Every structure is written in structure tokens, then in C-alpha cells.
Amino acid sequence: MSIKGIRVCGIVILAAVVLLVRAGATGHISFERGDILISLGPGPVQWYLPDGTPRGVLVSTVPGTGEGMGFDPSGNLYVTRWCTDPNCNSTGNTIEMFSVLGQSMGAVGGGYDCSPHDIVFRADWTAYVGQSGCTGDLLRFMPGTVEPAAFDVAL
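Numbering (the numbering used here), first residue to last: 140 to 294.
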């Protein structure tokens with residue numbers, strides 16, 4: 140799918156994630172049920188209100204193309220990032236975390252072999268990351284662990 144010639148890599152609609160308050164006591168705006176987040180190939184993530192009104196663009200601090208997205212049980216957003224340099228050693232090949240307020244918290248996790256593509260969380264905070272390149276392994280990050288367990292995916 141493309142919007143005005145830009146490759147759209149992921150769309151997430153907050154349907155049944157975590158109900159969050161749009162404007163809390165501090166006046167900060169946060170993700171809310173029904174919001175639409177669109178990950179674009181060049182890297183930005185666009186944020187729209189349920190009626191399609193633009194809310195803004197999440198400012199990334201991690202270089203790399205924007206790919207898949209997922210939410211943890213607290214409502215933080217995770218965006219998988221592919222590398223953009225030829226040797227894949229200085230950009231992307233990681234996952235960027237955004238707080239519920241849409242602020243980048245930087246790169247998270249490790250052990251990605253190449254091209255993390257999708258991420259999903261279970262209610263117990265176990266994260267699964269699908270990789271689209273190299274081994275194509277499915278990675279499982281258990282709460283409290285640093286290195287993921289890798290599982291071969293049958294083709």
C-alpha cells in the first residue's frame with residue numbers, strides 16, 4: 140500500500156489495547172483507543188485521531204526504515220526498524236520504543252540477526268519478533284531476559 144508514493148509498512152488501529160486518557164492531569168496527549176498509527180517506509184510514524192484528523196508525527200531517534208508495529212501491555216508503541224546502510228551495522232536492524240505520549244525512548248532489545256519485521260506482546264510481557272531477513276527466525280523475549288530465544292520458522 141502507498142500513500143502519495145510513500146510505502147506504508149504498517150497500520151495499527153488501537154481497538155482493544157489499553158484504554159488511555161487523551162489529556163491527563165499534566166495536559167500531555169497520549170495514545171487512545173481508536174487512534175490510527177501508520178508506519179511509513181522512510182521511517183516516520185503518522186498519528187491520526189479516530190476521525191482521521193492528523194494528531195502529529197512521532198519523532199524517531201533511531202535511524203532505519205519503519206516497518207511493523209506493536210503495543211506492550213502498558214500501551215507503549217514499538218516500531219521495527221530495518222537498516223538503511225549497505226552493511227547493516229550503523230542504522231536500523233533494531234526496534235524503537237515510543238512511550239504512551241509518543242516520545243521516542245530509543246532502541247530496545249538485541250540479538251536481531253537482521254530485519255526485524257513484526258512485534259507482538261502477550262499479556263505477560265513476552266514479546267515475539269519476526270525477522271524477514273537472514274535466518275528469518277522468530278525471536279521470543281521473555282520478561283527479565285536479555286537475549287532472545289530463536290525459533291526456526293517452517294517455510
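Yeah, the Cβ is synthetic: ideal placement off N, Cα and C, and Gly gets one too. The structure presented is a predicted model; accordingly, all values stated were derived computationally and were not measured.
How about residue i and residue j: do their beta carbons lie closer than 7 Å?
| i | j | result |
| --- | --- | --- |
| Y251 | N226 | no |
| L277 | V259 | no |
| S238 | N215 | yes |
| T204 | G180 | yes |
| E206 | W221 | yes |
| G269 | C253 | no |
With DSSP as the reference, label residue i as helix, strand or coil.
| i | result |
| --- | --- |
| L277 | strand |
| Y251 | coil |
| W186 | strand |
| W221 | strand |
| A164 | Per-residue confidence for A164 stands at a pLDDT of 39, beneath the threshold of 50, marking its modelled position as unreliable; the derived number appears in the next sentence. In this structure, A164 counts as coil in the three-state DSSP scheme. |
| F170 | coil |
| G283 | coil |
| L240 | coil |
| V196 | strand |
| G191 | coil |
Could you tell me which residues DSSP puts in a beta bridge with residue i?
| i | result |
| --- | --- |
| D257 | G269 |
| A246 | E235 |
| A289 | L278 |
| D209 | Here residue 209 is Gly; the residue named in the question, Asp, does not match the sequence. The partner list for G209 (beta bridge, DSSP) reads Y217. |
| T230 | DSSP lists no partner for T230. |
Report the CB separation of residue i from residue j in whole angstroms; it is logged as a contact under 8 Å.
| i | j | result |
| --- | --- | --- |
| T219 | P255 | 4 Å |
| V196 | P183 | 5 Å |
| G245 | T200 | 6 Å |
| F280 | G248 | 6 Å |
| T265 | P282 | 7 Å |
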